[in-house]
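Asker: Residue numbers (full-length UniProt numbering): 1 to 303. Backbone N, C-alpha and C define an ideal beta-carbon position, used for all residues, glycine too. There's a structure below that I have some questions on.
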């Protein structure tokens, strides 16, 4: 797929294949092309080149053909606050063209899946943020789609609701549903995704299982150092330290990818000391998806 906006190539030769029963994670820094890719896959935006097919049907923005095979759970909540949880589900079931008989059984089932059976008669405006997110997912699941697209479904929710959402997603692949999952939390990708594609500057620059991606960077380690003052200053100083291959800023910390992190740590700390940079805490981790992402994009996932 290709999609440009003027001189900006938002999606550049992206090709994805997701099998039934597979959860595929699409990860990328802000501005990498994830939102545009999702919009094309969901039939909301026309690609300049390329096509999208779900369950054998081609998806086009100006056609309803094949749309019933897609469930889209957007990052922004798509629920009606004045309706109860049950009423929201029934309303969207009517939009999907479901019969009243099928709707009654399916609404009961979905409320059980998302853990809102006891709150079904409450207006959704009274729900917590996590409950609203779960209702949002339930709406996407109503018509039993072949492909479910989840765009950062745990943003802004409490840990308990977040875990409930992740448990719900984990059960979907067992039901044979293909899931496309985007997140800014690497631990979610590691927990849920069978395969992961990393997108940057409109291109998928790496794809594989978490184990395959991690193996690709060898024995490098990730060092996260909290610092006092601007973290970018620390990042600038560490780029030239021997053994350091990538440096990124994350909140009030600098994240370094380095060969033999334990052995290089004294040199890293000495460089920060020479620059007068005070250190808060240090975390040294073996290669993981966060290290892969940093190595490939030069950025932390939340940037």
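1. Measuring only the C-alpha atoms, how far is residue 112 from residue 143?
2. With a Cβ-Cβ cutoff of 8 Å, do residue 253 and residue 225 count as a contact?
3. What would DSSP say about residue 126, mapped onto helix, strand or coil?
4. Determine contact between the segment 65-79 and the segment 141-161, defined as no fewer than three beta-carbon pairs at a distance below 8 Å.
5. For residue 192, count neighbouring Cβ atoms within 10 angstroms of its own Cβ and tell me buried if that reaches 16, exposed if not.
6. Near residue 125, what residues of its chain come up, given a Cβ to Cβ distance below 6 Å and the 5 sequence neighbours on each side ignored?
7. Between the Cα of residue 61 and those of 8, 45, 1 and 35, spot the shortest distance and give me the residue it belongs to.
8. Take the Cβ of residue 101 as the centre, count every other Cβ of all protein chains shown within 10 Å, and call the residue buried at 16 or more, exposed below.
9. Starting from residue 226, trace the alpha helix (DSSP H) both ways and give me its first and last residue.
10. By DSSP, does residue 79 sit in helix, in strand, or in coil?
11. Would you say residue 148 and residue 71 are within 8 Å of each other, going by their C-beta atoms?
12. Checking 8 Å against the spacing of the C-beta atoms, do residue 57 and residue 66 come in under that value?
13. Give every residue of the same chain whose Cβ lies closer than 8 Å to the Cβ of residue 136, excluding the five residues on either side of it in the sequence, and list them in chain order.
Answerer: Short version:
1. Here residue 112 corresponds to residue number 112 of the chain shown, with the count starting at 1. Here residue 143 corresponds to residue number 143 of the chain shown, with the count starting at 1. If you take the alpha carbons of residue 112 and residue 143, they lie about 15 Å apart.
2. Taking the chain shown and counting its residues from 1, one reaches residue 253 at position 253. Taking the chain shown and counting its residues from 1, one reaches residue 225 at position 225. Closer than 8 Å, so yes.
3. Taking the first residue of the chain shown as position 1, residue 126 is located at position 126. Helix, per DSSP.
4. Segments in contact, yes.
5. Counted from its first residue, the chain shown places residue 192 at position 192. By the Cβ neighbour-count rule, residue 192 is buried, with 16 or more other Cβ atoms within 10 Å of its own.
6. Here the question's residue 125 lines up with position 125 in the chain shown. If we look at residue 125 and ignore the five residues flanking it on each side, its Cβ neighbours are 81.
7. Here residue 61 refers to the residue found at position 61 when the chain shown is read from its first residue. Closest option to residue 61, judged by alpha-carbon separation, among 8, 45, 1 and 35: 45.
8. Residue mapping note: residue 101 aligns to position 101 of the chain shown, counting from 1. With a 10 Å radius around the Cβ and a threshold of 16 neighbouring Cβ atoms, residue 101 comes out exposed.
9. On the chain shown, residue 226 is found 226 positions in, with the first residue counted as 1. Element bounds for residue 226: not the alpha helix (DSSP H) but the beta strand (DSSP E), 220-227.
10. Against the chain shown, residue 79 aligns to sequence position 79. When DSSP states are grouped into helix, strand and coil, residue 79 belongs to the coil group.
11. Your numbering for residue 148 matches position 148 in the chain shown. Your numbering for residue 71 matches position 71 in the chain shown. Cβ atoms of residue 148 and residue 71: closer than 8 Å.
12. Looking up residue 57 in the chain shown gives position 57. Looking up residue 66 in the chain shown gives position 66. Yes. Within cutoff.
13. As a position in the chain shown, residue 136 is number 136, starting the count at 1. Answer for residue 136: 73, 74, 77, 78, 79 and 153, listed in chain order.
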